[in-house]
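Numbered by the numbering used here, the letters in the sequence shown go through residues 62 to 622 in order.
Every residue gets a Cβ at the ideal spot worked out from N, C-alpha and C, and that includes glycine.
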Amino acid sequence: MRRQPSGAARLAGFLLLLCAGLALGRAAPAASARDLGTLGPFYRATQLQGHLIGMGLIETPAYLTASDIDLKYRAKSGTSREIPFADSFTINRFLGGYRDDWLQKFHEWDDRLGRRSLDYAIRGSDGSWQFRPELIQRRLEPYFAAGYRPRDITIALENVPWDLATPDGRPPEMGPWGRRTPPGDIEEWSKIVRQFATDLAAYLGGDSSAIQFETGVEYDEKVSFDATADEFFRYYEATDRALHSVLPEAALSPGEFTGLGACAPNMPHCVYDTRDFLEFATRDQLRVADVPRSLHSFLDKPANLSPSSTAERAIQSYARLPKTVPEIHQFGLLNEPFGNQGSDTAALRANWEFQVLLRLWEALKPRRVFHWGGFDTIGRMAFLNGSGFLRLVLDRYVGSHAYLIYPHDEGAARPRSAELLALGLADGAKSAVIVSSFSPHASDAARPVNLELPPGMLDGRRPLKSIRYSQSSNVQARIRADLAADNNLRPDFAGCPLCLANPIQMARDADRARAMLARNWENYVEVIKDNLRWHTEDRGISRDGTGLRVTLEPNELVLIE
């Protein structure tokens with residue numbers, strides 16, 4: 062992720078746009094539905110961190126499979142633990158080079174090794190290399206025990222371990238995500254990669270080639286990899302040659318790029334242009350399995366926040382590249398309007414992700430889109446969030462034929478119109494429509510919108526039923542209200558009616574908040590469950606022929622069957 066401006070600058074920018082009443086842009090007029098093909102689980106992937114052993118694995122909350130809900134979770138068979146809403150994942154920074162404070166915070170610091178405590182390769186006092194294959198097994202075994210297969214896993218061959226030489230002989234530098242200094246001896250780096258592949262093959266045998274690999278997560282920025290373009294190209298080439306000398310069938314990709322993937326004279330911190338990299342890879346006959354990019358937006362940077370503008374950034378970045386397989390990593394909505402003091406985890410996120418996902422699917426057909434988790438987890442308590450709710454909805458219709466529908470708001474034009482988008486789904490036995498509204502502006506004003514449905518969808522043979530997930534009707538909103546009643550809501554959240562976040566991030570006193578959450582746990586479970594039940598008396602929905610009329614609040618996701 063890129064460095065962000067100060068909190069004051071971000072808040073000033075947000076307030077300026079808010080006061081100016083700039084619109085996000087109205088939804089497209091009602092038009093013929095666009096055929097998207099069959100819905101697959103492309104949205105079920107996530108990213109993990111190499112220094113967090115077993116990251117993401119939890120027991121599926123009992124409330125998601127309870128008999129008194131309708132929208133149930135499809136738990137992974139044969140295991141009590143899994144990474145919810147993830148069929149595949151990447152483990153970033155698998156080789157080490159971690160920050161000191163990360164190792165200390167998560168109790169991985171070994172006084173004998175210091176910052177090298179979790180590095181795969183360390184240099185002995187005599188200058189020889191000591192390799193640590195036990196760390197490969199320690200990182201991977203929890204996922205195999207949970208039923209994941211080698212082909213479900215991508216290993217990021219990074220960071221450069223701390224003991225590798227640097228280009229200028231000085232000590233390596235530590236950036237926000239660990240070592241940022243490239244290897245000074247490319248043959249030494251190649252040796253590390255070859256030995257890693259050899260140790261992986263000794264552990265997994267023939268299955269080792271089923272694991273996918275990448276290297277260079279956001280290495281197009283010097284904050285992550287302080288090198289020139291040529292140095293990165295040679296680093297990638299050495300990684301490719303070394304890996305394939307042991308595992309010739311393994312798939313390797315670059316890590317995700319940022320922005321438009323382009324360098325310009327006014328971008329001194331840019332390492333390489335993704336188009337130049339792909340041209341280099343073609344010349345050197347390097348096989349690039351896919352080309353991922355980071356894609357997230359910030360609530361304190363509203364100019365580029367909307368789902369349509371976010372998707373357009375991604376679409377433009379791939380349009381300038383030769384034909385490739387897109388993947389979207391680091392996908393989500395970050396920060397609050399007042400700065401980097403939390404991130405929305407509820408209805409704003411659900412609607413933003415839904416609309417961006419649909420636009421990406423329509424234009425790019427990405428192989429995978431990586432989310433940041435479907436729960437806000439506090440100790441042993443897991444609160445379903447907007448990302449998780451959205452994936453519960455989509456999972457119900459995997460295999461259905463999908464149609465992109467543009468709702469039409471017939472009300473008077475407003476300077477802060479919400480973005481609207483809908484998805485129609487049909488599988489022969491049933492059909493459904495998901496309608497979404499997104500706006501970064503606080504409002505409780507509901508507006509009717511009209512949709513023209515494909516023939517046969519919600520055909521009137523059965524009464525309509527619905528599930529609504531809105532800004533005011535979710536568990537994070539309930540927790541916020543309880544924190545306020547307990548005089549434990551942080552002032553910046555109290556001054557922002559739209560703002561929700563992980564419960565602890567909203568609290569002034571974390572210990573008091575944890576006690577309150579535990580005390581009220583059963584009440585919160587009931588709030589979550591109510592968001593997962595059909596309602597048949599929804600006066601905000603009506604049907605007339607192929608026309609559907611739905612009354613929507615800003616930031617409301619409505620599922621209709």
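Give the single residue among Asn-446, Asp-553, Phe-392 and Ala-407 whose Cα lies nearest to the Cα of Pro-427. On the sequence shown, position 366 is the one that residue 427 refers to. Nearest C-alpha to Pro-427: Phe-392.
Reducing DSSP to helix, strand and coil, say where Met-235 ends up. The sequence position of residue 235 within the sequence shown is 174, counting from 1. Met-235: strand per DSSP, three-state reduction.
Residues of its chain near Arg-429, where Cβ-Cβ distance is below 7 Å and the 5 sequence neighbours each way are ignored: On the sequence shown, position 368 is the one that residue 429 refers to. Excluding positions up to five away in sequence, the list reads Phe-103, Ala-106, Ser-149 and Glu-388.
Distance cutoff 8 Å, beta carbons only. Does Ser-269 sit that close to anything in chain C? Checking the listed chains, one finds no chain C in this structure; it contains a single protein chain.
By Cβ distance, which residues of its chain are closer than 6 Å to Ala-89, with the 5 residues on each side in sequence left out? Here residue 89 corresponds to residue number 28 of the sequence shown, with the count starting at 1. Only weak support is given to the placement of Ala-89: the predicted model assigns it a pLDDT of 38, under 50, and the question is left unresolved by the model.
Distance check for Trp-223 and Asp-162, CA to CA, integer angstroms please. Taking the first residue of the sequence shown as 1, we reach residue 162 at position 101. Taking the first residue of the sequence shown as 1, we reach residue 223 at position 162. Rounded to the nearest angstrom, the two C-alpha atoms are 15 Å apart.
Measure how close the beta-carbons of Leu-482 and Val-494 come, nearest whole angstrom, since I'm counting them as under 8 Å. Here residue 482 refers to the residue found at position 421 of the sequence shown. Here residue 494 refers to the residue found at position 433 of the sequence shown. Incorrect: roughly 11 Å between the Cβ atoms, too far for contact.
DSSP puts Cys-634 in a beta bridge; with which residues? Residue coverage of the chain in this structure runs from 62 to 622, which leaves residue 634 outside it and unanswerable.
Please look up how many angstroms separate the CB atoms of Ile-439 and Ile-565, rounded, as I've assumed it's under 8 Å. Indexing the sequence shown from 1 puts residue 439 at position 378. Indexing the sequence shown from 1 puts residue 565 at position 504. Contact between Ile-439 and Ile-565 holds, with the beta-carbon distance rounding to 6 Å and staying under 8 Å.
So does the region 246-265 actually touch the region 288-307, counting three or more Cβ pairs closer than 8 Å? Yes, the region 246-265 touches the region 288-307.
Grab me the residues of Ala-325's own chain with a C-beta within less than 8 Å of its C-beta, minus the 5 sequence neighbours each way, in chain order. By one-based count along the sequence shown, residue 325 stands at place 264. Sequence-distant partners of Ala-325 (beyond 5 residues in either direction) whose C-beta falls short of 8 Å from its own C-beta, in its chain, are Cys-331.
To the nearest angstrom, how far is it from the Cα of Phe-274 to the Cα of Ile-114? By one-based count along the sequence shown, residue 274 stands at place 213. By one-based count along the sequence shown, residue 114 stands at place 53. Roughly 18 Å between the two C-alpha positions.
Less than 8 Å between the C-beta atoms of Ser-2 and Leu-486, yes or no? Nothing in the structure corresponds to residue 2, since the chain is present only between 62 and 622.
Give me, in chain order, the residues of the same chain whose beta-carbon lies closer than 6 Å to that of Leu-100; leave out the 5 immediate sequence neighbours on both sides. Here residue 100 is taken as the residue at index 39 of the sequence shown, counted from 1. Within the same chain, Leu-100 has close Cβ partners Tyr-458, Val-459, Ser-461 and Ala-463.
Evaluate Pro-233 with the Cβ neighbour count: other Cβ atoms within 10 Å of its Cβ, from every protein chain shown; 16 or more gives buried, anything less gives exposed. The residue labelled residue 233 in the question sits at position 172 within the sequence shown. Buried.
For Gly-449, the nearest candidate out of Asp-129, Arg-135 and Arg-199 (CA to CA): Mapped onto the sequence shown, residue 449 falls at position 388. If we check each option's Cα against that of Gly-449, Arg-135 comes out closest.
Per DSSP, Tyr-530 forms a beta bridge with which residues? Counted from its first residue, the sequence shown places residue 530 at position 469. Paired residue(s): Leu-618.
Among Pro-515, Arg-523 and Ser-531, which one has its Cα closest to the Cα of Ser-498? Locating residue 498 in the sequence shown gives position 437, counting from the first residue. Considering only alpha carbons, the answer is Ser-531.
Return the bridge partner residues of Tyr-464 from the DSSP annotation. Here residue 464 corresponds to residue number 403 of the sequence shown, with the count starting at 1. Answer is Asp-96 and Gly-485.
Can you look up Ile-114 in the DSSP assignment and give me helix, strand or coil? One-based indexing of the sequence shown puts residue 114 at position 53. Three-state DSSP puts Ile-114 in coil, outside helix and strand.
Measuring alpha carbon to alpha carbon, tell me which of Glu-614, Trp-170, Asn-220 and Leu-593 ends up nearest Ile-130. Residue mapping note: residue 130 aligns to position 69 of the sequence shown, counting from 1. Looking at Glu-614, Trp-170, Asn-220 and Leu-593, the one whose alpha-carbon comes closest to that of Ile-130 is Leu-593.
According to DSSP, is Val-352 helix, strand or coil? The residue labelled residue 352 in the question sits at position 291 within the sequence shown. DSSP places Val-352 in strand when its eight states are reduced to three.
Coarse secondary structure for Met-518, derived from DSSP in three states: To locate residue 518, count along the sequence shown from 1; it is residue 457. The answer is coil: DSSP assigns Met-518 none of H, G, I, E or B.
Stretch pair the region 601-618 + the region 400-412: three plus CB contacts closer than 8 Å: By the criterion of at least three beta-carbon pairs nearer than 8 Å, the region 601-618 is in contact with the region 400-412.
Let me make sure I understand the geometry here. Which of Glu-219, Asn-220 and Ser-500 has the alpha-carbon closest to that of Ser-367? Counting from one through the sequence shown, the residue named residue 367 turns up at place 306. The residue with the shortest Cα to Cα distance from Ser-367 is Ser-500.
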